[in-house]
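Residue numbers (the UniProt record's numbering): 1 to 133.
We put the beta carbon where it would ideally sit given N, CA and C, even for glycine.
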């Protein structure tokens with residue numbers, strides 16, 4: 001079985017939308033941007049613009065707001081990222097239940113539910129998989 005890892009919003013302005021939802025949801029706050037990414041950008045002489053991904057954390061699943069250039073019209077603007085212990089067998093089980101496979105990438109698999117809504121399967125970290133078993 002899987003566990004919700006994140007709820008993901010595709011959006012135009014991740015920082016603004018993240019701030020909105022963090023204000024709306026009790027106990028949620030914007031996750032600090034990784035300092036390493038800022039340091040690398042600065043070292044390369046790159047201007048640090050609005051981040052492409054902003055995450056809020058709280059008492060439920062993390063919520064990620066991501067700017068996706070060149071969005072395809074068939075993408076959901078909101079989807080679940082689900083962690084599973086065995087991605088390959090979960091894909092087969094979900095296909096038998098009516099889901100369809102969109103694409104497989106090294107770190108995640110994009111699928112669609114029986115009505116065509118996208119969701120992503122991620123490998124559960126080994127430690128979390130042992131606790132869930």
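Skipping 5 residues on each side, what residues in its chain have a beta carbon closer than 7 Å to that of residue i?
i: residue 57; result: 28, 29 and 31
i: residue 81; result: 5, 6, 8, 120 and 122
i: residue 94; result: 111
i: residue 22; result: 28, 29, 30 and 56
Which partner residues of residue i appear in the DSSP bridge assignment?
i: residue 3; result: 83
i: residue 113; result: None; residue 113 has no bridge partner.
Take residue i and list the residues in its own chain whose beta-carbon comes closer than 8 Å to its own, dropping the five residues that flank it on each side.
i: residue 11; result: 17, 65, 66, 67 and 77
i: residue 90; result: 2, 84 and 121
i: residue 14; result: 50, 51, 52, 53, 54, 65, 66 and 67
Which of the three DSSP states is assigned to residue i in this structure?
i: residue 68; result: coil
i: residue 90; result: helix
i: residue 10; result: strand
Please list, in chain order, all residues of the same chain as residue i whose beta carbon is under 6 Å from its beta carbon, the five residues on each side excluded.
i: residue 9; result: 65 and 78
i: residue 117; result: 76
i: residue 60; result: none
i: residue 52; result: 67
i: residue 113; result: 99
What span of residues does the alpha helix (DSSP H) with residue i cover, start to end?
i: residue 17; result: 14 to 24
Quick one: give me the first and last residue of the beta strand (DSSP E) that residue i is part of.
i: residue 105; result: Looking at the DSSP string, residue 105 is not in any beta strand (DSSP E), and its letter there is neither H nor E.
i: residue 123; result: 118 to 123
i: residue 57; result: 53 to 57
Please confirm whether residue i has its beta-carbon closer than 8 Å to some beta-carbon of chain D.
i: residue 109; result: Given the protein chain composition of this structure (a single chain), no chain D is represented.
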